[in-house]
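Since the structure comes first, as structure tokens, the remarks are kept for the end.
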Amino acid sequence: MIREGGCLCGAVRFAAEGDPINVRICHCRRCQKAMGSPFYARALFDPKAVTVQGEVASFPSSDTLNRVFCPACGTRLFSRRTNGTAIGIALAVFDDRNAFAPTEHIWVSEKIGWVDIKDGLPQHPQGQT
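Here the working numbering is used: position 101 in the sequence shown is 94, and no number is missing along the way.
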């Protein structure tokens, strides 16, 4: 199956083929800052499964991760591992925003205090492989 999506202004479109490696909600401080949100909900894919049309810009938020966004409207689209092994796609930028449901929470040791997780999903204090 192919799932498509894009940015707010439509300048960037993408397609992701097949099933994601995992679907997680990250509560780490870097994701909070990068997304401007209490957390980053994303589906992780093999980069070979993702095609992107349109110009994107990126910011290296750490030695291991680049944040990718639309330079025209600023929509935060992806996170790319610098070693080329994975690309995380923000769940809300898929055309079908219900295409994937998270299966766990990571970095809950850094979650914002007023975020109350009651969805019954596994919670990990740090990241998972």
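All C-beta atoms, glycine included, are put in the ideal place defined by N, C-alpha and C.
Suppose only complete runs of 3+ residues qualify. What are the beta strand (DSSP E) ranges in the segment 22 to 96, listed by chain order?
33 to 38, 43 to 46, 50 to 53, 58 to 62, 69 to 74, 80 to 83
Please identify the residue among Trp107, Pro95, Ser30, Trp100 whose C-alpha is closest to the C-alpha of Gly113.
Pro95
For Gly11, which residues of its own chain have a beta-carbon under 6 Å away from its beta-carbon, when the five flanking residues on both sides are left out?
Ala42
Classify Cys2: buried if its beta carbon has 16 or more other beta carbons within 10 angstroms, exposed otherwise.
exposed
Nearest-angstrom Cα separation, counted from Phe32 out to Ala9:
22 Å
Do Pro118 and Ser102 come within 9 Å of each other at the CB atom, strictly closer than that value?
yes
Compare the Cα-Cα distances from Lys26 to each of Val45, Ile14, Phe52, Asn15 and report the closest residue.
Phe52
So who's on the other strand from Gln116, going by DSSP bridges?
His98
For the segment 49 to 64 and the segment 13 to 22, state whether three or more C-beta atom pairs, one from each stretch, are separated by less than 8 Å.
no
Supposed close pair Thr68, Cys24 - CB separation, criterion 8 Å
Between Cys24 and Thr68 the Cβ distance is about 16 Å, and since that is not below 8 Å, they are no contact.
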